[in-house]
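A.B. asks: One structure coming up, written as C-alpha cells, with questions to follow.
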Amino acid sequence: MQRITQGRRTWKLVVLSGLLGLMLALSSCTFPGMVSTNAQLPAYVPVGEQKPLPPVQFPQDEGSHNNLTEWWYYTGHFNGQDGHRYGFEFVIFQVSRSDLPPLFASHFAISDITRGQFAYDQRNVMLPLDNSKQAGINVGIGDWRIQGRNGHDHLEASMKDYAIKLDLNGVKAPTLHDGKGLITYGLAGYSYYYSRTRMQVSGQLLDHGQPVQVSGQAWMDHQWGNFLTLGSGGWDWYSMQLSNGGDIMIYFIRDATGKVISTYAGYTDDKGQSIVIPQSAIQNEVLDHWLSPHTGINYPSGWRVSINDPRLKVNLTVMPQLKDQELVVTKSTGNVYWEGAVDIQGQQNGQTLSGQGYVELTGYTK
Numbered sequence: 001m002q003r004i005t006q007g008r009r010t011w012k013l014v015v016l017s018g019l020l021g022l023m024l025a026l027s028s029c030t031f032p033g034m035v036s037t038n039a040q041l042p043a044y045v046p047v048g049e050q051k052p053l054p055p056v057q058f059p060q061d062e063g064s065h066n067n068l069t070e071w072w073y074y075t076g077h078f079n080g081q082d083g084h085r086y087g088f089e090f091v092i093f094q095v096s097r098s099d100l101p102p103l104f105a106s107h108f109a110i111s112d113i114t115r116g117q118f119a120y121d122q123r124n125v126m127l128p129l130d131n132s133k134q135a136g137i138n139v140g141i142g143d144w145r146i147q148g149r150n151g152h153d154h155l156e157a158s159m160k161d162y163a164i165k166l167d168l169n170g171v172k173a174p175t176l177h178d179g180k181g182l183i184t185y186g187l188a189g190y191s192y193y194y195s196r197t198r199m200q201v202s203g204q205l206l207d208h209g210q211p212v213q214v215s216g217q218a219w220m221d222h223q224w225g226n227f228l229t230l231g232s233g234g235w236d237w238y239s240m241q242l243s244n245g246g247d248i249m250i251y252f253i254r255d256a257t258g259k260v261i262s263t264y265a266g267y268t269d270d271k272g273q274s275i276v277i278p279q280s281a282i283q284n285e286v287l288d289h290w291l292s293p294h295t296g297i298n299y300p301s302g303w304r305v306s307i308n309d310p311r312l313k314v315n316l317t318v319m320p321q322l323k324d325q326e327l328v329v330t331k332s333t334g335n336v337y338w339e340g341a342v343d344i345q346g347q348q349n350g351q352t353l354s355g356q357g358y359v360e361l362t363g364y365t366k
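Structure follows, in C-alpha cells:
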C-alpha cells in the first residue's frame, strides 16, 4: 500500500523552508503507501467527468505525471556472493499542490539481515516538474536516482555505511490493480496503480566501504493520481513473492480506532496472469508484537495470512527478518512507519512453499 511523501540568500532559505513546511503539512498523511479512506476500491466509474480517464500505457506512464500525488516504490531482497543476506527499500515521492513546484521526497533503507542491523536515510527537495514527456522513469534527488523503461530499471542511492547501484529487470508483465490499474477512493479522488511484482536484481552494494556483487529479486509499485487523504488511520501492506512463482499483494486499511474498514488482495501467477481476491476470502491473524525503543510505538510483528478462494487456497506464516525495521522520517515526509523484509512459510493449494516479501505498517501510535 500505500504504497506518501533537498549560494542562496538567507531570506530565500526562509521562504523555501516555509514552502516545504506547507507542502509537508498538505501531503505527509499520504505517505507512504495507500491513502487512508473508508472506500472499498471499486472499479473506477467516472462521476462528473467530461470523458473517461485514459488507460495505463507503457512506457509512457512509467514517468512523472502532473498530478497531486505520485510515487515509485521498490522493495526487495538480495544476497552477496558469500550468502550475506540483505533487504532494501527505495522510494521517491512526488507531491504537487497549488502552483508551487513539486516536492520530491525519498527514503532509502537497508535491512542487513546477516549482520542484524537496519539503516535508513531520507531526503526532500523542491524541483520543477519534468515536462519533456519522455517515456520511462527519470526521477531523483541529487545522486539518489531511479531511471528505467519497460521494466528495465536502474537504482542508485547512498548513505552512511551503504550504497546501491542496482539493475532491475521485470520477469512478468505489470499487474494492473483492480484489473485496469485505475481505482477510486470516492471523495478522496482516483489513482492509477500498477506493480511489477517480480523483478530480477543484480548490481553492486557498498557495505561499510566494501564492494559486494549482489543478486536477488524485487517488487515495484507505481501509483499516481489526484487523490488526497480523508480522515485518519493507517494500513498494513504485504507484498509476497512465493517459491512457486506466484506473487500476492494484500492491504488492510484501518480507521482511527484500528478497525479494518477496507481490504484488497491480488494474486499474480508464475505466467503473469492476475486475479482480484474477494475480501471475504481473506483472513489475517497477528502472532506477536514489537515495541519500538525509538518511538514507543507497539507494532504487530508476525502474521498468519489465509486466502480461501476456489481459485487460490493459501495459508502462510509471515515473519520479520529483523524486528527493528522502523523509519522515523519526520524530516522528509513527516511520519513514522515500519517497513521490513519478511520470510514466508506455508502452503498453496496443498503444496508446501516458502518465500520472501515486505510488510509496511503505518498509522500506529503509542
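Numbering (the UniProt record's numbering), first residue to last: 1 to 366. Every residue, glycine too, gets a C-beta built ideally from N, C-alpha and C. Note that the coordinates shown come from a computational prediction; the quantities given were computed from them, not determined experimentally.
1) What span of residues does the beta strand (DSSP E) with Ser215 cover, start to end?
2) So, do the region 206–216 and the region 187–198 have three or more beta carbon pairs nearer to each other than 8 Å?
3) Classify Asp247: buried if its beta carbon has 16 or more other beta carbons within 10 angstroms, exposed otherwise.
4) Does the beta-carbon of Thr257 have 16 or more other beta-carbons within 10 angstroms, so that it is buried, or is it exposed?
5) Smallest Cα separation from Tyr264: which of Lys271, Gly272 and Val276?
6) Is there contact here, the region 64–75 with the region 221–229, by at least three beta-carbon pairs under 8 Å?
7) What are the start and end residues of the beta strand (DSSP E) that includes Leu129?
8) To the nearest angstrom, report how far apart Pro293 and Ser239 are at their CA atoms.
9) In its own chain, which residues sit with a C-beta less than 6 Å from the C-beta of Ser106, not counting the 5 before and 5 after it?
10) For the region 49–123, which segments carrying the beta strand (DSSP E) assignment without a break, of at least 3 residues, lie completely within its bounds, in sequence order?
11) With DSSP as the reference, label Ser280 as helix, strand or coil.
12) For Arg254, I'd like the list of residues in its chain whose CB is within less than 7 Å of its CB, leaving aside the five on either flank, ordered along the chain.
13) Specify, as a first and last residue, the run of the beta strand (DSSP E) that Leu166 falls within.
14) CB-CB under 6 Å to Gly87, same chain, minus the five flanking residues each way: which ones, in chain order?
15) Beta-carbon within less than 8 Å of Val318's beta-carbon, same chain only, minus the 5 sequence neighbours each way: which residues are those?
16) Between Asp99 and His65, what straight-line distance do the alpha-carbon atoms span, to the nearest angstrom?
C.D. replies: Judging by the given coordinates:
1) Gln210 to Gly225
2) no
3) buried
4) exposed
5) Val276
6) yes
7) Unbroken run through Leu129: none, as it is neither H nor E.
8) 26 Å
9) Ile92, Arg123, Ile141 and Trp144
10) 69–80, 85–95 and 103–112
11) helix
12) Gly233, Gly234, Trp235, Val260, Ile261 and Gly363
13) Tyr162 to Gly170
14) His77, Ser111 and Ala341
15) Tyr238, Met240, Gly302, Trp303, Arg304, Val305, Val342, Asp343, Ile344, Gly357 and Val359
16) 15 Å
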